[in-house]
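Counting in this note's numbering, the sequence shown runs from 63 upward without gaps.
Comments concern the structure below.
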Amino acid sequence: MSPAPPPDLDRPERIDALVLAFYDRVRPDPVLAPWFADVDWPHHTPRIQAFWKGLLLGVQGYSGEPMSAHIALHRRLPLSGAQFDRWLELWTATVREGYAGTKAEEAIARATSIAAVMKHKVLSASASAG
Ligand code: HEM
């Protein structure tokens, strides 16, 4: 019997699981860990899950300002291109290792474009101003 093909990210509970798996890799990562050390996970996890369910499934539930949240983060602890590159590398690997299909590809494509815009906005915002 051939193994079952990986599922697509086409159900809310799969997106919830992807986000948990992603942060399990982010937390101990040497490049990213310092920025996540003080995160309030019970608050943060459902917000990120809602963000991705909104993007991929059109499920309403997230309201927030990711760009300004990350500019604020950068002012607390300056980011560089290395963190954005690593974030995207871990996201892409986590998606590819567990999922396949249109929504899985969309999760990678959306993350790639948002990360590029975010990197540009955050790194062009002064680390100390504001
Ligand atoms: C350098 C790469 C990144 C780092 C180090 C980072 C780190 C963080 C941290 C520490 C928080 C929690 C902030 C808090 O405590 O309120 C956060 C929130 C969040 N991040 Fe990131 N992030 C990165 C890239 C991204 C990217 C590329 C996306 C989207 C594709 C994203 C989406 C979000 C969202 C939606 C939130 C929730 C904001 C809210 O509460 O409304 N992050 N991030």
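Ideal placement from N, C-alpha and C gives every residue a C-beta, glycine not left out.
Task: Proximity test, F84 beta-carbon vs the ligand HEM heavy atom, cut-off 7 Å - done: no
- [ ] Specify, as a first and last residue, the run of the alpha helix (DSSP H) that D147 falls within.
- [x] G143 to G160
- [ ] Could you pull out every unbroken alpha helix (DSSP H) segment of at least 4 residues lying fully inside the region 72 to 126, listed in chain order?
- [x] Runs found: 74 to 88, 95 to 98 and 103 to 119.
Task: Touching by the beta-carbon criterion (3+ pairs, under 8 Å), the region 149 to 165 and the region 65 to 78 - done: yes
Task: Which of helix, strand or coil DSSP assigns to S175 - done: helix
TODO: Indicate whether T156 and F84 have their beta-carbon atoms separated by less than 8 Å.
DONE: Result yes, Cβ atoms of T156 and F84 sit closer than 8 Å.
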